[in-house]
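Trainee:
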Amino acid sequence: MIFGTRFPFNKMKNEKPRILVIDDDLPILDCVRMSLQTEKDYTVTTLNDPVKALKLFYENDFAVVISDVKMGKLSGLDILKAVREHDDRIPVVLITGSSDEETMRRSIHLGVYEFLKKPFEISSLIVTVRQALEAHKLRMQNSHYEHELKTLVQERTAELTDTKAKLERSYLNTIHVMVNAMEVKDIYTLGHSERVTAIAVGLGKAVGLGMEELRELRIGALLHDLGKIGVISDVLNKAQGLTESEYDIIKQHPIAGAKIVGPLGLPDTVSKIILQHHEWYNGEGYPYGLKGNDIHLYARIVSVADSFDAMTSKRVYRSNLDYGRATQEIYKNRSKQFDPEISKILQDNRELVLGVLSSKISLNDLLE
Ligand SMILES: [Fe+2]
Numbered sequence: 069m070i071f072g073t074r075f076p077f078n079k080m081k082n083e084k085p086r087i088l089v090i091d092d093d094l095p096i097l098d099c100v101r102m103s104l105q106t107e108k109d110y111t112v113t114t115l116n117d118p119v120k121a122l123k124l125f126y127e128n129d130f131a132v133v134i135s136d137v138k139m140g141k142l143s144g145l146d147i148l149k150a151v152r153e154h155d156d157r158i159p160v161v162l163i164t165g166s167s168d169e170e171t172m173r174r175s176i177h178l179g180v181y182e183f184l185k186k187p188f189e190i191s192s193l194i195v196t197v198r199q200a201l202e203a204h205k206l207r208m209q210n211s212h213y214e215h216e217l218k219t220l221v222q223e224r225t226a227e228l229t230d231t232k233a234k235l236e237r238s239y240l241n242t243i244h245v246m247v248n249a250m251e252v253k254d255i256y257t258l259g260h261s262e263r264v265t266a267i268a269v270g271l272g273k274a275v276g277l278g279m280e281e282l283r284e285l286r287i288g289a290l291l292h293d294l295g296k297i298g299v300i301s302d303v304l305n306k307a308q309g310l311t312e313s314e315y316d317i318i319k320q321h322p323i324a325g326a327k328i329v330g331p332l333g334l335p336d337t338v339s340k341i342i343l344q345h346h347e348w349y350n351g352e353g354y355p356y357g358l359k360g361n362d363i364h365l366y367a368r369i370v371s372v373a374d375s376f377d378a379m380t381s382k383r384v385y386r387s388n389l390d391y392g393r394a395t396q397e398i399y400k401n402r403s404k405q406f407d408p409e410i411s412k413i414l415q416d417n418r419e420l421v422l423g424v425l426s427s428k429i430s431l432n433d434l435l436e
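In my numbering, the protein residues as written are 69 to 436.
1. To which residues of the same chain is K404 closer than 6 Å at the C-beta, ignoring the five residues directly before and after it?
2. Helix, strand or coil, according to DSSP, for D155 in the structure here?
3. What's the call for D91, buried or exposed, on a 16-neighbour Cβ count within 10 Å?
4. Give me the residue from S103, T219, E214 with the minimum Cα distance to R198.
5. Please classify T395: is it buried, with 16 or more other beta-carbons within 10 angstroms of its beta-carbon, or exposed?
6. Have a look at K319, I341, S192 and flag the residue whose alpha-carbon is nearest the alpha-carbon of L365.
7. Grab the span of the beta strand (DSSP E) containing R402 for me, first residue to last.
8. Buried or exposed for A326, going by 16 or more other Cβ atoms inside 10 Å?
9. D136 lies in the beta strand (DSSP E); which residues open and close that run?
10. Among K185, V119, N128, H292, which residue has its Cα nearest to the Cα of V329?
11. Where do the ends of the beta strand (DSSP E) carrying F183 lie?
12. Tell me the DSSP secondary structure of V299 in three-state form.
13. Hey, could you find the ends of the alpha helix (DSSP H) L235 is sitting in?
14. Closest by CA to T242, which one among L148, A203, L294, T111?
15. Is it the case that the Cβ atoms of P118 and I147 are separated by a distance below 8 Å?
16. Identify whether K149 lies in helix, strand or coil by the three-state DSSP scheme.
17. On the three-state DSSP scale, how would you describe L88?
18. With H, G and I counted as helix, E and B as strand and the rest as coil, what does DSSP make of T114?
19. With distance defined between alpha-carbon atoms, name the residue in V252, R101, T380, F406 nearest to L422.
20. So what does T164 bridge to, in DSSP terms?
21. Rounding to the nearest angstrom, what Cα-Cα distance links H204 and H154 in this structure?
22. Which same chain residues, not among the five before or five after A121, have their C-beta less than 7 Å away from its C-beta?
23. Can you find a heavy atom of ligand 1 that lies under 7 Å from the Cβ of D230?
24. When you compare each of A373, P355, Q222, N128 to R263 by their alpha carbons, which one comes out closest?
25. Indicate whether the contact test is met: 3 or more Cβ pairs, each with one atom in the region 136 to 143 and one in the region 200 to 215, closer than 8 Å.
26. For the alpha helix (DSSP H) holding S375, just list the boundary residues, first then last.
27. Are the beta-carbon atoms belonging to R157 and L178 less than 8 Å from one another?
28. DSSP on P408, reduced to helix/strand/coil?
29. If you drop the 5 nearest sequence neighbours on each side, which residues of the same chain put their C-beta closer than 7 Å to that of D109?
30. With hydrogens ignored, establish whether the beta-carbon of H345 is closer than 7 Å to any heavy atom of ligand 1.
31. What would DSSP say about D316, mapped onto helix, strand or coil?
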C-alpha cells in the first residue's frame with residue numbers, strides 16, 4: 069500500500085479524471101465505452117487485454133478502474149489486488165456474474181469499491197462511476213490534507229525541539245551564573261558544588277543510575293547549596309562559633325534553594341536533592357527530619373558527596389582529612405547520618421569516585 073505517497077491532487081483539479089475499463093468481452097467493452105462517453109466530465113480508456121491494461125494503469129494516473137472478473141490472462145481479482153497495492157485511493161469496480169458469491173467475498177476482502185452484476189443497467193453503471201469518482205476525489209483530498217498536516221506537525225515539532233534545546237541551554241547558563249554567584253559569597257567553598265557534582269555522579273554510576281537519572285542528579289548536586297545565596301556572607305564565612313540563630317539561618321538554605329528553582333520547571337528530583345541533602349538517615353537532619361528511604365535516593369547520594377567534599381577540603385579553622393579517612397568517617401556514620409548502602413558503595417568504589425572527581429566534570433558537560 070502506498071497511501072499518501074502520491075499527490076496528483078492539483079493535476080486532478082485541472083484535468084478530467086480518467087477511467088480505465090478492462091474486459092476481454094469486446095461487445096460489453098464497446099457498450100460500456102459508449103455509455104460512459106456520453107458524460108463530458110471524465111475520459112474513458114478501454115482495453116480488452118488485462119496485461120496491457122495493467123501496464124497502461126501503472127504508466128498513467130487513473131481515478132477509477134472498472135474490470136470484468138473472468139478474463140483470460142488475468143482475473144478481475146488480480147487487477148483489483150494490483151491496483152490496491154499500487155494506490156489504495158483508486159476505487160475498483162468489478163463486473164461479476166450474479167451467482168459468483170465466493171468471488172464477491174474475496175473481492176470485498178481485497179477492498180473492492182462496488183460490484184456491477186451482469187446484466188446491469190446503463191444508468192446503474194453511470195451512477196456507480198460517478199460515486200466512485202467522488203470517492204476518489206475525497207480520498208485524494210484526505211491524503212493531501214493528511215500530508216499537509218504531517219508536514220505541519222513535523223515543522224512544529226522541529227521548532228519545539230529547537231526551542232526546548234535553547235531553553236535548556238539558557239536555564240543551564242542561568243544555573244551556572246547562580247552557582248557562581250552563590251560560591252563567591254563563601255570563601256571556603258569555592259568549587260565545592262562542582263566537586264560534589266563529580267562525586268555524586270561517581271556514586272550514581274556505581275549505584276546503577278541511567279543517563280537521564282544521572283543528568284537530574286548532576287543538576288541537583290550542582291544546585292544543592294543554591295539557597296546559601298540568601299544567607300549573608302558574614303555568617304557563611306564565619307570560621308567558628310555560629311550562634312543558634314545564625315545556625316537557624318543556615319538551616320533554611322535547603323528550603324530557600326528549592327524555592328529559587330521552583331519556577332524553573334526543573335525535574336522534581338532536583339528540588340528534592342536541594343531540599344533534602346541535609347536530612348540524616350536516622351531522622352536527625354534538617355529541615356524536616358525525614359528518615360531512611362523517605363529521603364530521596366539522589367539526596368542521600370548528594371549528602372554523602374557533600375560531606376565527603378567538606379571533610380576533604382581545607383578550612384581555616386580545621387585541617388582536612390585525606391580521602392581514605394573521609395571514606396572511613398562516612399562509613400562509620402552509616403545508618404546514622406548516611407545511607408548505609410551508599411556509604412558502603414563509597415567505600416567499595418572509592419577509586420571510581422575519585423576517578424570521576426579527577427576528571428573534573430565541568431558545567432559544559434551538563435550542557436550536552
Ligand atoms: Fe548544604
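All C-beta atoms in this analysis are idealised placements derived from N, C-alpha and C, irrespective of residue type, glycine included.
Mentor: With the given structure in hand:
1. N350
2. coil
3. Here D91 is buried, its C-beta having at least 16 other C-beta atoms within 10 Å.
4. S103
5. Buried.
6. Nearest of K319, I341, S192 to L365, Cα basis: I341.
7. Here R402 belongs to no beta strand (DSSP E), and DSSP marks it neither H nor E.
8. buried
9. 132 to 136
10. H292
11. 182 to 185
12. coil
13. 190 to 251
14. L294
15. Against a cut-off of 8 Å, the Cβ pair of I147 and P118 comes out as a contact.
16. helix
17. Residue state for L88 is assigned as strand, using DSSP reduced to three classes.
18. strand
19. When each option's Cα is compared against that of L422, the closest is T380.
20. K185
21. 14 Å
22. L88, I90, L115
23. no
24. Per the Cα distances, A373.
25. At 8 Å Cβ cutoff, the stretches do not touch.
26. 365 to 380
27. no
28. helix
29. K84
30. yes
31. helix
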